[in-house]
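**Student:**
2 protein chains.
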Amino acid sequence: MLNFSTSEENYIKAIFHLQKEDGTVTTNELSRELKTKPASVTDMMKKLKAKKLLHYQPYQGFRLSSEGSKVALGIIRRHRLWEYFLAEKLKFSWDEVHEVAEHLEHVSNKKLIDKLDEFLGFPRVDPHGDPIPDQDGKIESSRQICLTDLPLNKVALVSHVSDQSSGILELLKHKKIGIGTKLEVKKKFDFDNSMEIKTGRQPVFTISEQLAQNIFVKYGA
Amino acid sequence: MLNFSTSEENYIKAIFHLQKEDGTVTTNELSRELKTKPASVTDMMKKLKAKKLLHYQPYQGFRLSSEGSKVALGIIRRHRLWEYFLAEKLKFSWDEVHEVAEHLEHVSNKKLIDKLDEFLGFPRVDPHGDPIPDQDGKIESSRQICLTDLPLNKVALVSHVSDQSSGILELLKHKKIGIGTKLEVKKKFDFDNSMEIKTGRQPVFTISEQLAQNIFVKYGA
DNA sequence: AATACTTTTTAGATTTGTCTAAATTTATTT
DNA sequence: AAATAAATTTAGACAAATCTAAAAAGTATT
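If you read the sequences in order, they're chains L and V. Sequential numbering of the first sequence, starting at 1, is according to my numbering. Sequential numbering of the second sequence, starting at 1001, is according to my numbering.
#1: Which one of V:1134, V:1165 and V:1192 has the shortest CA to CA distance from residue 953 of chain V?
#2: Do you know whose CA, among L:203, L:100 and L:69, lies nearest residue 1109 of chain V's CA?
#3: Cα separation between residue 1000 of chain V and residue 1148 of chain V?
#4: Measure the alpha-carbon distance for residue 66 of chain L versus residue 1145 of chain V and round it to whole angstroms.
#5: Spatial neighbours of residue 80 of chain L within its chain, please: C-beta separation below 7 Å, excluding the five flanking residues on both sides.
#6: Where does the unbroken beta strand (DSSP E) through residue 1154 of chain V begin, and where does it stop?
#7: Taking only beta-carbon atoms, is residue 107 of chain L less than 7 Å away from chain V?
#8: How big is the Cα-Cα spacing for residue 1156 of chain V and residue 1096 of chain V?
#9: With 7 Å as the threshold, decide whether the Cβ of residue 1097 of chain V is near any Cβ in chain L.
#10: Which runs of the beta strand (DSSP E) fall wholly inside the segment 40-118 of chain L and span at least 3 residues, in chain order?
#11: Considering only the beta carbon of each residue, do residue 1086 of chain V and residue 1068 of chain V sit closer than 7 Å?
#12: Compute the Euclidean distance between the alpha carbons of residue 1178 of chain V and residue 1194 of chain V, then round it to the nearest angstrom.
#13: Within 10 Å of its beta-carbon, does residue 1165 of chain V have 16 or more other beta-carbons around it, so buried, or fewer, so exposed?
#14: Assuming residue 186 of chain L and residue 197 of chain L form a contact by the criterion Cβ under 8 Å, report the distance between their Cβ atoms to the nearest whole angstrom.
#15: Taking only the alpha-carbon atoms, compute the straight-line gap between residue 1111 of chain V and residue 189 of chain L and give it to the nearest angstrom.
#16: I want to check one thing, is the minimum distance from the CB of residue 77 of chain L to the heavy atoms of the ligand SAH below 6 Å?
#17: So the candidates are L:113, L:199, L:37 and L:63; which of them puts its Cα closest to the Cα of residue 52 of chain L?
#18: Assuming residue 1168 of chain V is part of the alpha helix (DSSP H), what are its boundary residues?
#19: Could one say the Cβ of residue 1013 of chain V lies closer than 7 Å to chain L's Cβ atoms, at least one of them?
#20: At least one CB of chain V closer than 7 Å to the CB of residue 104 of chain L: is that the case?
#21: Which same chain residues end up closer than 8 Å to residue 42 of chain L when comparing Cβ atoms and leaving out the 5 residues on each side of it in sequence?
#22: Using C-beta distances below 8 Å, list every residue in its chain close to residue 107 of chain L, excluding the 5 sequence neighbours before and after it, in chain order.
#23: For residue 119 of chain L, decide whether its Cβ has a neighbour in chain V, counting only Cβ atoms nearer than 7 Å.
#24: Does the distance from the CB of residue 158 of chain L to the CB of residue 217 of chain L come in under 7 Å?
#25: Which residue marks the beginning of the beta strand (DSSP E) containing residue 206 of chain L, and which one marks its end?
#26: Looking at the structure shown, is residue 9 of chain L part of a helix, part of a strand, or coil, going by DSSP?
#27: Strictly under 7 Å for the Cβ-Cβ distance: is residue 1115 of chain V near chain L by that measure?
#28: Rounded to the nearest angstrom, how far is the Cβ of residue 71 of chain L from that of residue 122 of chain L, given a contact under 8 Å?
#29: Residue 89 of chain L versus chain V: which residues are under 7 Å apart at the beta carbon?
#30: Determine, for residue 1158 of chain V, whether the minimum Cβ-Cβ distance to residues of chain L falls below 7 Å.
#31: State the CB to CB distance for the pair residue 56 of chain L and residue 45 of chain L, rounded to an integer number of angstroms; the pair is presumed to be in contact (CB under 8 Å).
#32: Would you please state the rounded distance, in angstroms, between the beta carbons of residue 1025 of chain V and residue 1018 of chain V? I believe it to be under 8 Å.
Quick look at the structure:
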């Protein structure tokens, strides 16, 4: 597999993440995500298309080719392994790891990453609960649902938090919600879609719809 | 402390290393070391001078300012801590760590490096025997001498190997000489300055002048 | 000291990734 | 469907880091 520049990698990664929501990604979406101008996105798309990493017809949006997805999964693997290392070994707190991993992920030496994986004991999820792709880019598809879809009075485990802005992390920290937290929804209010939830032995408390939309849980346990 | 580009950091580090030999570094020396053309060196020197990282008058060679030395020691600290991590934790072999650390060293997050240092137990030397600068850039000045200067029949410990090309490392591996190896010089030949040395329980064997010049030892033990 | 050689610097070009401003295409509204 | 608005692309510029070729400065040689 070839080597890509830091810029190229950031574009590929961003497309991979944005694709999840819908099928195809637009110029403006990407420029917002990467804090560049739309014109810069177009330039890079031409370049990545020439390298066969994505499908793209002018004005039609783009999506990663299978080759592009492979590259993306490699970057995500590196990112999440470093996050795990930072949290587990260096004792960084949950909300600090992302930024540092953004830099480490671009050191792309296969042996380094495979040995790091081994050293860490082949972890399956990073500190945010996101699954870590293996050497072949295979990713564990965990049947997780959004907290907004969790039925009342069903115990579930927080498995993922989607937004990585420090705002949400601060709020979650304050409410003592993290990956692995056991919780259940006690009441939902139609007026604003807020809900009352219970975690551990604390009394119930309320969270907003916006927050609930960013929390994902695994249930059946 | 400001942030520098990967290129700038590579120049600063190279100057630091070349300075050791003599006082000042020339354009050609640096271009040879970095595998760039002399014209590129001149361009970068202007830039680094403008940033007050070095002293430089056209045609006169250059040397790092005290500010530049501080930056260099920071880079070297990162490099050597990563080398230690790779060898000690990820079980990379001695001769593989340098190349990988060349990339990791440019991730300059102070907290990352200080926590890595702590995680590793504040090691004082890297796997090549080179001292690791502390948080303030202080470096342990070990009174080591070149193997060519070691008197006959004095037991000494290999403390450093200066050339990091894979050629020398391969040779040392084959002769089973590494950092910490106990050895003594049994005989010297004036004709070609080769010498017979003894390590551990093996029979004596000969090494060339070129090799001996690249091996440094601590003695008195 | 004049000539020849080496080293260093300057001048101008190239590549990568970005930008602004203008043009084009697609989508929306009346 | 024509007009308007929004999204996207093109065209041209710029900064960083590099290069080649030519000029300038410094060193060595006769």
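Heads up, the beta-carbon is just placed ideally off N, CA and C, and yes, glycines get one too.
**Tutor:** Quick look at the numbers:
#1: Nothing in the structure corresponds to residue 953 of chain V, since chain V is present only between 1001 and 1221.
#2: One-based indexing of the second sequence puts residue 1109 of chain V at position 109. It is L:100.
#3: Outside the modelled stretch of chain V, which goes from 1001 to 1221, sits residue 1000 of chain V, for which no answer is possible.
#4: Sequence index remark: in the first sequence, residue 66 of chain L carries index 66 (1-based). Sequence index remark: in the second sequence, residue 1145 of chain V carries index 145 (1-based). Put simply, the backbone Cα of residue 66 of chain L is about 57 Å away from that of residue 1145 of chain V.
#5: Translated into the one-based positions of the first sequence, residue 80 of chain L becomes position 80. Taken in chain order, the residues that qualify are 126, 130 and 132.
#6: Residue 1154 of chain V sits at position 154 when you count from the first residue of the second sequence. Where residue 1154 of chain V is concerned, there is no enclosing beta strand (DSSP E), because DSSP gives it neither an H nor an E.
#7: Translated into positions along the first sequence, residue 107 of chain L becomes position 107. For residue 107 of chain L, the nearest CB of chain V lies under 7 Å from its own CB, placing it at the interface with that chain.
#8: Within the second sequence, the letter at position 156 stands for residue 1156 of chain V. Within the second sequence, the letter at position 96 stands for residue 1096 of chain V. C-alpha separation (whole angstroms): 26 Å.
#9: On the second sequence, position 97 is the one that residue 1097 of chain V refers to. It does not; no Cβ of chain L falls within 7 Å.
#10: 54-56 and 62-64
#11: Residue mapping note: residue 1086 of chain V aligns to position 86 of the second sequence, counting from 1. Residue mapping note: residue 1068 of chain V aligns to position 68 of the second sequence, counting from 1. Against a cut-off of 7 Å, the Cβ pair of residue 1068 of chain V and residue 1086 of chain V comes out as no contact.
#12: Within the second sequence, numbered from 1, the residue matching residue 1178 of chain V stands at position 178. Within the second sequence, numbered from 1, the residue matching residue 1194 of chain V stands at position 194. Roughly 19 Å separates the two Cα atoms.
#13: Here residue 1165 of chain V is taken as the residue at index 165 of the second sequence, counted from 1. Label assigned to residue 1165 of chain V: exposed.
#14: On the first sequence, residue 186 of chain L is found 186 positions in, with the first residue counted as 1. On the first sequence, residue 197 of chain L is found 197 positions in, with the first residue counted as 1. Right, the Cβ-Cβ distance comes to about 6 Å (below 8 Å), so this counts as a contact.
#15: Sequence index remark: in the second sequence, residue 1111 of chain V carries index 111 (1-based). Sequence index remark: in the first sequence, residue 189 of chain L carries index 189 (1-based). Cα to Cα, residue 1111 of chain V sits roughly 44 Å from residue 189 of chain L.
#16: As presented, the structure is devoid of all ligands, the ligand SAH included, so that no description of it is given.
#17: Here residue 52 of chain L corresponds to residue number 52 of the first sequence, with the count starting at 1. The residue with the shortest Cα to Cα distance from residue 52 of chain L is L:63.
#18: Indexing the second sequence from 1 puts residue 1168 of chain V at position 168. Start and end: 1166-1174.
#19: Here residue 1013 of chain V is taken as the residue at index 13 of the second sequence, counted from 1. No, no contact with chain L.
#20: Start at 1 with the first residue of the first sequence, and residue 104 of chain L comes out as number 104. By this cut-off, residue 104 of chain L is an interface position.
#21: Here residue 42 of chain L refers to the residue found at position 42 of the first sequence. Take residue 42 of chain L, set aside five residues on each side of it, and the residues of its chain with a beta-carbon closer than 8 Å to its own are 27, in chain order.
#22: What you label residue 107 of chain L is simply residue 107 of the first sequence in a count that begins at 1. Sequence-distant Cβ neighbours of residue 107 of chain L in its own chain, meaning closer than 8 Å and more than five residues away, are 78.
#23: In the first sequence, counting from the first residue as 1, residue 119 of chain L sits at position 119. At least one chain V Cβ lies under 7 Å of residue 119 of chain L.
#24: Within the first sequence, the letter at position 158 stands for residue 158 of chain L. Within the first sequence, the letter at position 217 stands for residue 217 of chain L. Their beta carbons are under 7 Å apart, which means residue 158 of chain L touches residue 217 of chain L by this criterion.
#25: For the purposes of this step, residue 206 of chain L is taken as residue 206 along the first sequence, with counting starting at 1. Run containing residue 206 of chain L: 205-207, per the beta strand (DSSP E) assignment.
#26: Here residue 9 of chain L refers to the residue found at position 9 when the first sequence is read from its first residue. It is helical.
#27: Residue 1115 of chain V sits at position 115 when you count from the first residue of the second sequence. It does; some Cβ of chain L falls within 7 Å.
#28: Locating residue 71 of chain L in the first sequence gives position 71, counting from the first residue. Locating residue 122 of chain L in the first sequence gives position 122, counting from the first residue. So it is not a contact: roughly 22 Å between Cβ atoms.
#29: As a working mapping, residue 89 of chain L is identified with position 89 in the first sequence. In chain order: 1119.
#30: The sequence position of residue 1158 of chain V within the second sequence is 158, counting from 1. By this cut-off, residue 1158 of chain V is not an interface position.
#31: The count along the first sequence starts at 1 and reaches residue 56 of chain L at position 56. The count along the first sequence starts at 1 and reaches residue 45 of chain L at position 45. Residue 56 of chain L to residue 45 of chain L, Cβ: 5 Å. Contact.
#32: Numbered from its first residue, the second sequence carries residue 1025 of chain V at position 25. Numbered from its first residue, the second sequence carries residue 1018 of chain V at position 18. Yes, they are in contact, since the Cβ atoms of residue 1025 of chain V and residue 1018 of chain V sit about 5 Å apart, within 8 Å.
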